[in-house]
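Take the sequence shown: its letter number 110 is residue 252 in our numbering, and every next letter is one higher.
All C-beta atoms in this analysis are idealised placements derived from N, C-alpha and C, irrespective of residue type, glycine included.
One structure is given below, encoded as structure tokens.
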Amino acid sequence: MKEIYVSQLIENAIEQLRTFNFKPSTIAAYEHRSFNPIREFFDEREEKLYSTELSVTFLTVTNRLFELQQISAKTKRFREKGVYVLDELYLTGCLVWKMRSTGKCNVTLCQDTKIDFLR
């Protein structure tokens, strides 16, 4: 994958999430609860470019904070999902969103949606 700034990758991710027609509150939740902690983590280490190695370190720190009961399980899941989304965009150039059936409609168990953000 080409070099990309963390801030640009996060903006690309947010734009891609918007294309899934999520509610604005859902987009805001991902921005604040998933991506901002990742951005802050990279900033604290004075890293401008995204790297999967540092995202793994972020997950290690996140897991440790959860074990110490300094963050909730929900916060941990948001951060993990944020890394998953950013890593997927970084490594493949597209975002695949897995949608699970809630039993309210006849949607298959898992539906893949792909969007190319490098056009």
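Unbroken beta strand (DSSP E) stretches of 3 residues or longer found wholly inside the region 162-232: none. Counting the other Cβ atoms within 10 Å of the Cβ of Ser197 gives 16 or more, which makes it buried.
Straight-line spacing of the CA atoms in Arg160 and Ile152 works out to 12 Å. Around Gly224, the same chain offers Ser176, Phe177, Ile180 as residues with beta carbons nearer than 6 Å, after the five sequence neighbours per side are excluded. In the assembly as shown, Tyr232 is a buried residue. Its beta-carbon has 16 or more other beta-carbons within 10 Å. Here Ala170 is exposed: its Cβ has fewer than 16 other Cβ atoms, across all protein chains shown, within 10 Å. If you draw a straight line from the Cα of Gly235 to the Cα of Glu195, it is about 18 Å long. Note on Val238: under 16 other CB atoms within 10 angstroms of its CB, so exposed under the neighbour-count rule.
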